[in-house]
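Peer 1: With UniProt numbering, letter number 45 in the sequence shown gets 45, and the count goes up by one each step, no holes. In this text, a Cβ means the ideal position worked out from N, Cα and C, and glycines have one as well. Because the structure is a prediction, the values reported are computed rather than measured.
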Amino acid sequence: MKTIFLFVMVIVLTYFAGQWLGQANIKKIDTSEITHISYCDPTKQICIMDKNDIHYNLQFNGVPSALSPFLVLVKINGLQPDFIELAFDMEGMDMGYNKHSLVKNKTDWQAKVILPVCTLGRNDWILNVKMMFDNKSVITQYKFSQSE
1 MKTIFLFVMV IVLTYFAGQW LGQANIKKID TSEITHISYC DPTKQICIMD KNDIHYNLQF
61 NGVPSALSPF LVLVKINGLQ PDFIELAFDM EGMDMGYNKH SLVKNKTDWQ AKVILPVCTL
121 GRNDWILNVK MMFDNKSVIT QYKFSQSE
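(1) Assign Ile84 to buried or exposed, taking buried as 16 or more other Cβ atoms, counted over all protein chains shown, within 10 Å of its Cβ.
(2) If contacts are defined as beta-carbon pairs under 8 Å, then Gly96 and Pro69 qualify, I think. What distance do you get, rounded to the angstrom?
(3) If you draw a straight line from the C-alpha of Ala111 to the C-alpha of Lys51, how long is it?
(4) Look at the Cβ atom of Pro81, then the Cβ atom of Met132, and state whether they are nearer than 8 Å.
(5) How is the beta strand (DSSP E) around Asn61 delimited, first residue to last?
(6) For Glu33, which residues in the same chain have their Cβ closer than 6 Å to its Cβ, ignoring the five residues on either side in sequence?
(7) For a test of the three-state rule: what should DSSP assign to Thr43, helix, strand or coil?
(8) Per the DSSP calculation, residue 168 is bridged to which residue(s)?
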């Protein structure tokens, strides 16, 4: 009887320890990060973001193609960010480290970027544009398909 009791206690304690450890590993929601989803395709037109205090135009100068550099331009209308960073991702894929910092010049922010290669041949891209304002980051996602 003592053996069964000890066995049940070990199982119960293991369960609760797992629950407690799982709660400790849950990432807290970062309220300093705001994400917007844009339905504009930057390969087809200049995309305009106008949400809250964030106003900018995003433009690809060139056709995105794997391993061929093209220029990304961001023109800010209003509040200037501390920095802008781009990353190309795909749903359910690890695209490795491919972050690009934009450089500010007199009229806009820009960077020459390279689209990573997808080993599966997919072309359904998500561009994450991250802007940092003081301690608040704003991320806008744009979906596009690469030209064949």
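Peer 2: According to the structure data:
(1) buried
(2) Gly96 to Pro69, Cβ: 17 Å. No contact.
(3) 23 Å
(4) yes
(5) Ile54 to Asn61
(6) Ser137
(7) coil
(8) Given that the chain is displayed from residue 1 to residue 148, the structure contains no residue 168 and the question cannot be resolved.
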